[in-house]
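A.B. asks: Take a look at this one; I'll ask things after.
Residue numbers (the working numbering): 3 to 100.
Take a look at the structure:
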């Protein structure tokens, strides 16, 4: 009879320890679930950093181009429709579809 109650107590203690360990792993700042979330967030941030570095590189290249007067003239003509003095600008307007 004593052996059965001792075994039962042993299983209860084992179960409680297991449950406590499970709770410690899954809850809290250092919990398993929190670690997974932190890793996912870190991967997203690393991707965002890579995208921003690429954008920065493109902007720096564009900035270098803007130091060239020919490039400035090209942008002024194409983007803003500007022209030199005594120069005529012709614009082609597409026909509207009926």
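Note that beta-carbon positions come from the ideal geometry of N, C-alpha and C, so glycine has one too.
Computed from a prediction, not measured in an experiment: that's the story for all the values here.
1) Please report the residue range of the alpha helix (DSSP H) in which residue 2 lies.
2) Find out if the Cβ-Cβ distance for the pair residue 17, residue 27 is shorter than 8 Å.
3) Just to confirm before moving on: does the CB-CB distance between residue 83 and residue 95 stay below 8 Å?
4) So, does the CB of residue 86 fall closer than 8 Å to a CB anywhere in chain D?
5) What number of angstroms, rounded off, separates the C-alpha of residue 48 from the C-alpha of residue 7?
C.D. replies: In short:
1) Outside the displayed span of the chain (3 to 100) sits residue 2, for which this structure offers no information.
2) no
3) no
4) Annotation note: the requested chain D is absent from the structure, which comprises a single protein chain.
5) 56 Å
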